[in-house]
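Engineer: Numbers in the numbering used here are just positions in the sequence shown, counted from 1, shifted up by 5. Glycine included, every Cβ here is placed at the ideal spot set by N, Cα and C. First the structure, which I've put down as structure tokens, then a few questions once you've had a look.
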Amino acid sequence: LKIVINEVPVPVAYGPAYEGERVRGEDIYLECGGGRTPMVEWVTSRPIDEVTDGAVEVSGPELDEVPAGSKLPLAIVVEVAGRQMQDDYEPILERQIHHLINYAQGVMHIGQRDIAWLRVSKGAVEKGFRLSHIGKLLHAKLHQDFGRIFDKMQVTLYTRTEDVLAIVAKAKEAYAARDARIEGMTDESVETFYSCLLCQSFAPSHVCVISPERTGLCGSYNWMDCKASFDINPIGPNQPVSKGQTLDPRLGQWKGVNEYVFKASRGNVDHYNFYSIISDPMTACGCMECISAILPLCNGVMTVNREYTDMTPCGMKFTTLAGTIGGGVTTPGFVGHSKYNITQRKFLAAEEGIKRLVWMPRSLKEEIADLFNERANEIGIPDLLNRVADETVGTTEEAILSFLTEMNHPALSLDPLL
Ligand code: SF4
Ligand code: ZN
């Protein structure tokens, strides 16, 4: 790999060569997020006179004010302003944070939105790396790559719990508003989907194809975001994909999509289905917000979100599941997806959608309850969410089966899953 050192004002080496680098165990100086502390990343636009270009502020303890091995909450708030800037561009800038931070040697970044995860190594801190450098590198790189759409940018890094939690709440409102922009759009209503190839640096054969009813598995990009990204950068990672002939409307397979995936995966994947978990489901990289897995004994499907780190009824924890399916290949019986996708009407449509859903962590149930209940109403089972088991019922198939039977869960009377 060629190491490109751009003019990025950080005291460590910087470039794509360091993107896949891990920071582990004894080598960790600081850890934020990853389920250990709250962490959030949020790009938002402001009026031009409220932004000081290049300003970087750390509000709360900085790296040299905490001992090695510390954990801190962290909110990275990027405020941008400019005549060309639109709200639609916020998610695109925000999704760059992941790889731009990862480019710094000795700094590891995983995830996005309010499930981000950061580790800074002792070596990086010794060389002088501080949290403020995250702001400086984002300013330098986003200006370099997206300077056309904004004029000014400032970054604030918050490391006090109460500040971080307040920003999580605000950012969640923004995420919900972004997700809602595609409400009501259907896959049938457009001729063009969009690709996302941002994750190929980690999972070289992985190709996300994003339709109105299937947002990106990381939850960061929906169809609208990809369209905006293509408008900003026509040779960038989000390209229009013409659906072409519909090969299977039930599974969600199109000739144009297959052809694109074949090319973009360099011949590794020649087709996948948008709406099935059993039959050649979409491939996954490592970024998925949730993973669904079949539970044969319950004739159903479970789904687990990244924040839930305990055992699940499929016999694997999230991290093991992610390691199993996250290599850019199709894994029948498992599929990665966003949280929002659970409440999109085409979710697992080939297997009867949310009627199959028999287990979810309690926190995920609470988080998606409003939209889930709307969908449940539409399909005539308004109390479906109450019939879905969670960890308080059990974390094995055997343990949840009696609950499902007692609750008369619809999955038990559907066609056999296998
Ligand atoms: Fe793009 Fe998919 Fe990666 Fe999200 S997971 S950044 S949609 S390639
Ligand atoms: Zn990814």
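Does the region 160-173 come within contact of the region 59-67, defined as at least 3 CB pairs closer than 8 Å?
Structural biologist: Yes: the two stretches touch, three or more of their Cβ pairs being nearer than 8 Å.
Engineer: How would you call A182, buried or exposed, if buried means at least 16 neighbouring beta carbons within 10 angstroms?
Structural biologist: Walking along the sequence shown from the start, residue 182 turns up at place 177. Its Cβ having fewer than 16 others within 10 Å, A182 is exposed.
Engineer: What's the C-alpha gap between H114 and I296?
Structural biologist: Translated into positions along the sequence shown, residue 114 becomes position 109. Translated into positions along the sequence shown, residue 296 becomes position 291. One C-alpha to the other measures close to 20 Å.
Engineer: Any residues whose CB sits closer than 5 Å to a heavy atom of ligand 2? List them in chain order?
Structural biologist: Qualifying residues come out as C204, C290, C292.
Engineer: For the candidate residues Q349, G399, V398, A354, whose alpha-carbon lies nearest to that of D375?
Structural biologist: In the sequence shown, residue 375 corresponds to position 370, counting from 1. Nearest C-alpha to D375: Q349.
Engineer: Between the alpha carbons of V9 and P245, how many angstroms are there, rounded?
Structural biologist: As a first step, residue 9 is located in the sequence shown; it is residue number 4 there, counting from the start. As a first step, residue 245 is located in the sequence shown; it is residue number 240 there, counting from the start. Summary for V9: the model assigns pLDDT 45, below 50, so the residue's position carries little reliability, and this model does not support an answer.
Engineer: Which residue wins for smallest C-alpha separation from T197, given the options M158, Q250, I240, V212?
Structural biologist: Your numbering for residue 197 matches position 192 in the sequence shown. The shortest C-alpha separation from T197 is found at Q250.
Engineer: Can you have a look at K360 and say buried or exposed, based on whether 16 or more other CB atoms are within 10 angstroms of its CB?
Structural biologist: Indexing the sequence shown from 1 puts residue 360 at position 355. Flag for K360 reads buried.
Engineer: Roughly how many angstroms separate the alpha carbons of K132 and K141, rounded to a whole number?
Structural biologist: Walking along the sequence shown from the start, residue 132 turns up at place 127. Walking along the sequence shown from the start, residue 141 turns up at place 136. Answer to the nearest angstrom: the Cα atoms are 16 Å apart.
Engineer: Beta carbon of M293, beta carbon of Y277: below 8 Å?
Structural biologist: Position 288 of the sequence shown, counting from 1, holds the residue named residue 293. Position 272 of the sequence shown, counting from 1, holds the residue named residue 277. Cβ distance not < 8 Å, so M293 and Y277 don't count as in contact.
Engineer: With distances taken from CA atoms, which of N304, G332, T401, L362 is nearest L424?
Structural biologist: Look at the range of the chain in this structure, 6 to 423, and you will see that residue 424 is not part of it.
Engineer: Got a sec, what are the start and stop residues for the alpha helix (DSSP H) M229 sits in?
Structural biologist: Start at 1 with the first residue of the sequence shown, and residue 229 comes out as number 224. Unbroken alpha helix (DSSP H) run through M229: 228-237.
Engineer: Determine the extent of the beta strand (DSSP E) in which H342 is found, giving its start and end residues.
Structural biologist: In the sequence shown, residue 342 corresponds to position 337, counting from 1. Counting along the chain, the beta strand (DSSP E) containing H342 begins and ends at 339-342.
Engineer: Taking all protein chains shown into account, do 16 or more other C-beta atoms lie within 10 angstroms of the C-beta of T317, making it buried, or fewer, making it exposed?
Structural biologist: Here residue 317 is taken as the residue at index 312 of the sequence shown, counted from 1. By the 10 Å Cβ count, T317 comes out buried.
Engineer: Quick one: any contact between the region 65-84 and the region 205-224, if contact means 3 or more CB pairs under 8 Å?
Structural biologist: No, the region 65-84 does not touch the region 205-224.
Engineer: Spatial neighbours of M229 within its chain, please: C-beta separation below 6 Å, excluding the five flanking residues on both sides.
Structural biologist: Walking along the sequence shown from the start, residue 229 turns up at place 224. Around M229: R186, I187.
Engineer: Mapping the DSSP letters down to three states, classify V9 as helix, strand or coil.
Structural biologist: The residue labelled residue 9 in the question sits at position 4 within the sequence shown. For V9, the pLDDT reaches just 45, beneath the cut-off of 50, and the residue's location in the model is therefore unreliable, although a value from the coordinates is still provided. Coil at V9, not helix or strand.
Engineer: Alpha carbon to alpha carbon, how far is P421 from P415?
Structural biologist: Working through the sequence shown from its first residue, we reach residue 421 at position 416. Working through the sequence shown from its first residue, we reach residue 415 at position 410. Using only the alpha carbons, I get a separation of about 12 Å.
Engineer: To the nearest angstrom, how far is it from the Cα of T400 to the Cα of E312?
Structural biologist: As a first step, residue 400 must be located in the sequence shown, where it is residue number 395. As a first step, residue 312 must be located in the sequence shown, where it is residue number 307. Whole-angstrom Cα-Cα distance: 16 Å.
Engineer: Which residue from I384, E379, A354, S270 puts its Cα closest to that of I282?
Structural biologist: Position 277 of the sequence shown, counted from the start, is the residue given in the question as residue 282. Here the closest residue by C-alpha is A354.
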